[in-house]
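**Student:** In this note's numbering, the protein residues as written are 4 to 177. Here you go, one structure.
Structural data, given as structure tokens:
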């Protein structure tokens, strides 16, 4: 059996349960297509294995992708087990709950996306713009550019005189 997990918490438990190979995707998102440990795990899987994952959303980018993954695993004779959702596709009920959970997760993502877009639209109607406020005023920008052109002061002196950070200075002159 092989396991792909995204947290160190369950490693000890997996080893005690007899998993012979644990693939650890540290900091890799399920949304990323290129995940080296994930790819190694899939190469390692054989008929009769069970792929154990920490959470369903860590395994894929979308419900469609998750269902495709489950179908590929099933065709290969590999079961899928999620520790967090307690789903095991080796049983009929497990398959049912897997698809239902995947659909609910997609619904939640869609609702969040709709609410976000509605909020942005409402803010736009009220004249609000999104994004971060500028850290430099137009006056600071003009003064910094004038001092740079004059060429009399160091970067540190310009930043202190104008009241901006070095990062802002370099962004400004780039």
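Backbone N, C-alpha and C define an ideal beta-carbon position, used for all residues, glycine too.
How many Å lie between residue 55 and residue 64 at the Cα?
**Tutor:** Position 52 of the chain shown holds residue 55. Position 61 of the chain shown holds residue 64. If you take the alpha carbons of residue 55 and residue 64, they lie about 17 Å apart.
**Student:** When the Cα atoms are used, what is the spatial distance from residue 175 to residue 135?
**Tutor:** Here the question's residue 175 lines up with position 172 in the chain shown. Here the question's residue 135 lines up with position 132 in the chain shown. Taking the straight line joining both Cα atoms gives about 16 Å.
**Student:** Identify, in the order they occur along the chain, each residue of the same chain with its Cβ nearer than 7 Å to the Cβ of residue 172, setting aside the five sequence neighbours on each side.
**Tutor:** Here residue 172 corresponds to residue number 169 of the chain shown, with the count starting at 1. So the qualifying residues of the chain are 147, 158, 161 and 162.
**Student:** Hey, would you say residue 76 sits closer than 9 Å to residue 48, going by beta carbons?
**Tutor:** Residue 76 sits at position 73 when you count from the first residue of the chain shown. Residue 48 sits at position 45 when you count from the first residue of the chain shown. Yes, the pair counts as a contact, with Cβ atoms nearer than the cut-off.
**Student:** On the DSSP letters alone, give me the boundaries of the alpha helix (DSSP H) that residue 157 sits inside.
**Tutor:** Counting from one through the chain shown, the residue named residue 157 turns up at place 154. Per DSSP, residue 157 belongs to no alpha helix (DSSP H) and is neither H nor E.
**Student:** Can you say whether residue 32 is buried or exposed, counting buried as having 16 or more other CB atoms within 10 angstroms of its CB?
**Tutor:** Locating residue 32 in the chain shown gives position 29, where the first residue counts as 1. Because the pLDDT of residue 32 is 49, which lies under 50, any placement of that residue in the model is unreliable, and the number read from its coordinates should be weighed accordingly. So residue 32 ends up on the exposed side.
**Student:** The alpha helix (DSSP H) with residue 151 in it runs from where to where?
**Tutor:** Position 148 of the chain shown, counted from the first residue, corresponds to residue 151. Looking at the DSSP string, the run of the alpha helix (DSSP H) that includes residue 151 is 141-153.
**Student:** Output yes or no for whether 9 Å exceeds the beta carbon distance between residue 53 and residue 93.
**Tutor:** Residue 53 sits at position 50 when you count from the first residue of the chain shown. Residue 93 sits at position 90 when you count from the first residue of the chain shown. Yes, the pair counts as a contact, with Cβ atoms nearer than the cut-off.
**Student:** What is the DSSP secondary structure of residue 90, reduced to helix, strand or coil?
**Tutor:** Taking the first residue of the chain shown as position 1, residue 90 is located at position 87. Residue 90: strand per DSSP, three-state reduction.
**Student:** By the three-class DSSP mapping on this structure, what secondary structure does residue 85 have?
**Tutor:** Walking along the chain shown from the start, residue 85 turns up at place 82. Correct three-state label for residue 85: strand.
**Student:** At what residues does the beta strand (DSSP E) containing residue 24 begin and finish?
**Tutor:** Taking the first residue of the chain shown as position 1, residue 24 is located at position 21. It spans 24-27 - the beta strand (DSSP E) in which residue 24 sits, taken as one unbroken run.
**Student:** First and last residue of the beta strand (DSSP E) that includes residue 54?
**Tutor:** Here the question's residue 54 lines up with position 51 in the chain shown. Per DSSP, residue 54 belongs to the beta strand (DSSP E) from 53-56.
**Student:** For the alpha helix (DSSP H) containing residue 108, name the first residue and the last one.
**Tutor:** For the purposes of this step, residue 108 is taken as residue 105 along the chain shown, with counting starting at 1. Its alpha helix (DSSP H) spans residues 95-128.
**Student:** Report the rounded CA-to-CA distance for residue 103 versus residue 145, giving the unit in angstroms.
**Tutor:** By one-based count along the chain shown, residue 103 stands at place 100. By one-based count along the chain shown, residue 145 stands at place 142. Using only the alpha carbons, I get a separation of about 58 Å.
**Student:** Any idea if residue 60 is buried or exposed, counting beta-carbon neighbours within 10 angstroms, 16 or more meaning buried?
**Tutor:** By 1-based counting over the chain shown, the position of residue 60 is 57. Looking at its Cβ environment, which holds 16 or more other Cβ atoms inside 10 Å, residue 60 is buried.
**Student:** Could you tell me if residue 82 is buried or exposed, where buried requires 16 or more neighbouring beta carbons within 10 angstroms of its beta carbon?
**Tutor:** For the purposes of this step, residue 82 is identified with residue 79 of the chain shown, where counting begins at 1. Residue 82 is buried by the Cβ-count criterion.
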